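S.K.: First the structure, which I've put down as structure tokens, then a few questions once you've had a look.
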Amino acid sequence: MARELENSIYSSPRTMLTHARTFAEAILQQAMRVEEINDTPLMTLKERIDLLSDKGYLTKEIIDALHFIRMSGNKAAHDTRKFRYSEALLSWEALYTIVQWYVEVYGPIELNIPEYQDPVPNSGNGFEIAELEARLKNMEKLIKASLNQQQEGTAKEEAATVTVEEAPQEAELPGFTSIRTITYKGKFLEVPYFLRDAFLLPQRFEKSERFLVKLGAEQQARIMSELPRDLEDLHKHVKRYNEKNDENLFEELIIYIKEETERRKTMLNRPGELFLFYKEDYVIVTEELSKVPLTTDEFTGSPSLFRQLNQDQIETVGQLPRELVILAKYENVGVGTVEKLFEQLKERQGD
């Protein structure tokens, strides 16, 4: 969670200030557990500070740091004014003071605490504010669940520890945080943040293409965020479709998200490259390949496709849409024709 807070300092000072309270509160809850002080879920951060202070467990420096984080977080949660980077940095330094105290009092004796350093802005971070919020809220839930389970027994404590340690590793790259869950008859599908408003191109769904076209005409399922939380009975929005169509769409969404996730990883690992995608495969368009004209002299296949592309001023490979399956929209052009063009592009790339 500290990593997520650090990510948000320069992206959204308000987010950092708001969620720093939960981080500080979790440390106090852990201290109360070690000291066997009675704690209740309804206890506020201020009440925990006052209780530990009255019992002599906190120094003035730690009390001041805790109250600074608490009050800064309260302002950020309610005040609409613009918050400065300097305010987030002060809160971050206060968190360092609290963590240092906790480790020195309750941590391993041999552990050395590094000196405080201001975080450096990371221009390549790429996390948007809404995604940071989702990541921090997820961390807060995990921490609270862990603390509650630790109080219930050793077995649950071990399980909670695994959950909290492993979960953050699932979404290190920007955009991969799960933003919502779609279900169908007991099955679950996690939607990553970068696909939250993705256009559901019907041609990407072989079994559900006509179903999506019909739903789109009813202003349903055009983009990912329009999909209901539960896909059961989605077919009732259109005539002459049934539960099998709901099931097919759910299964194809699993494939779609998997393919899109792999595509995004590829693009993040190779920034600045131009890609042409077909299903789970892709071609990297070099400068030389981008200049190849789209004609029957260069590619065997459908003259009709090239004629229609040229009419739309798409005359070279570099002007093709990134999603090649879109080409199937043209008259007398099927998926087979698009696949054949893609295979020829791969051969050209190899050459």
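Numbered per the numbering used here, the sequence shown spans residues 115 to 465. Glycine included, C-beta positions come from ideal geometry on N, C-alpha and C. This structure is a prediction, so every number in the text was calculated from the model and none was measured.
1. Nearest CA to the CA of P127: which residue from T297, I151, Y199 and I337?
2. Could you have a look at V305 and say whether DSSP puts it in helix, strand or coil?
3. If L209 sits next to V217, beta carbons under 8 Å apart, how far is it from one beta carbon to the other, in whole angstroms?
4. Can you tell me the Cα-Cα spacing of R343 and F364, whole angstroms?
5. Just checking: is the beta-carbon of G448 within a distance shorter than 8 Å of some beta-carbon in chain E?
6. Taking 6 Å as the limit between beta carbons, can you name the residues of its chain near M115, skipping five residues before and five after?
7. For P235, name the three-state secondary structure that DSSP assigns.
8. Restricting to Cα atoms, I'd like to know which of S205, N362 and E139 is closest to F319.
9. In this structure, how does DSSP classify V397 when only helix, strand and coil are distinguished?
10. From A190, R195, Y230 and G187, pick the residue whose C-alpha is nearest to that of E207; which is it?
11. Would P306 and T380 qualify as a contact pair, given that the criterion is a beta-carbon distance under 8 Å?
12. Can you give, in chain order, each stretch of the beta strand (DSSP E) that sits fully within the region 346-399 and has at least 3 residues?
13. With 16 other CB atoms within 10 Å as the buried threshold, where does I398 fall?
14. Are the region 140-147 and the region 155-166 touching by the rule of at least three beta carbon pairs closer than 8 Å?
15. Which residues in the same chain as E149 place their Cβ atom closer than 7 Å to its Cβ, once the five residues preceding and following it in sequence are excluded?
16. Can you round the beta-carbon distance between I503 and A179 to whole angstroms, since I take them to be within the 8 Å contact cut?
17. Output the distance between the C-alpha atoms of E279 and I257, rounded to the nearest integer angstrom.
18. Is DSSP giving R320 helix, strand or coil here?
19. Rounding to the nearest angstrom, what Cα-Cα distance links V276 and F302 in this structure?
20. Give the range of the beta strand (DSSP E) segment to which I151 is assigned.
21. How should E118 be labelled, buried or exposed, when 16 other C-beta atoms within 10 angstroms of its C-beta is the threshold for buried?
22. Using 8 Å for Cβ pairs, my map puts T132 next to G187. What's the rounded Cβ distance?
23. Keeping to the same chain, check which residues put their C-beta closer than 6 Å to that of L459; ignore five residues upstream and five downstream.
24. Are the region 288-303 and the region 342-360 touching by the rule of at least three beta carbon pairs closer than 8 Å?
25. Mind checking which residues open and close the alpha helix (DSSP H) that includes Y199?
26. So, is D426 buried or exposed, given that buried needs 16 or more other C-beta atoms within 10 angstroms?
27. Give the DSSP bridge partners of D193, in chain order.
28. Quick check on the DSSP output: the alpha helix (DSSP H) that includes G249 runs from which residue to which?
29. Pick helix, strand or coil for I183, following the three-state DSSP scheme.
30. When the Cβ atoms of the region 351-358 are set against those of the region 384-394, are three or more pairs found closer than 8 Å?
M.R.: This is what the structure gives:
1. Y199
2. strand
3. The Cβ separation is near 12 Å, so there is no contact.
4. 11 Å
5. Among the protein chains of the structure shown there is no chain E, as only one such chain exists.
6. F137 and M253
7. coil
8. N362
9. strand
10. Y230
11. no
12. 389-392 and 395-398
13. When all chains shown are included, I398 counts as exposed.
14. yes
15. Taken in chain order, the residues that qualify are Y171.
16. For residue 503 there is no data in the structure shown, the boundaries of the chain being 115 and 465.
17. A caution first: E279 carries a pLDDT of 40, below 50, which makes its placement in the model unreliable, though a value can still be read off. Straight-line Cα distance between these residues: approximately 10 Å.
18. The sequence shown places Glu at residue 320, rather than the Arg named in the question. Of the three classes helix, strand and coil, the one that applies to E320 here is coil, per DSSP.
19. At V276 the pLDDT is 38, less than 50, meaning the model places this residue with poor confidence and gives no usable figure here.
20. It is not in any beta strand (DSSP E) - I151 carries neither H nor E in the DSSP assignment.
21. buried
22. 5 Å
23. V397
24. The region 342-360 and the region 288-303 touch, with three or more beta-carbon pairs separated by less than 8 Å.
25. Run containing Y199: Y199 to Y220, per the alpha helix (DSSP H) assignment.
26. By the neighbour-count criterion, in which 16 or more other beta carbons inside 10 Å mark a residue as buried, D426 falls on the exposed side.
27. Answer by DSSP bridge pairing: none, since D193 is not bridged.
28. Checking the sequence shown, residue 249 turns out to be Arg, not Gly. Here the alpha helix (DSSP H) through R249 covers I243 to Q264.
29. Shown here, I183 sits in a helix according to DSSP, grouped into three states.
30. no
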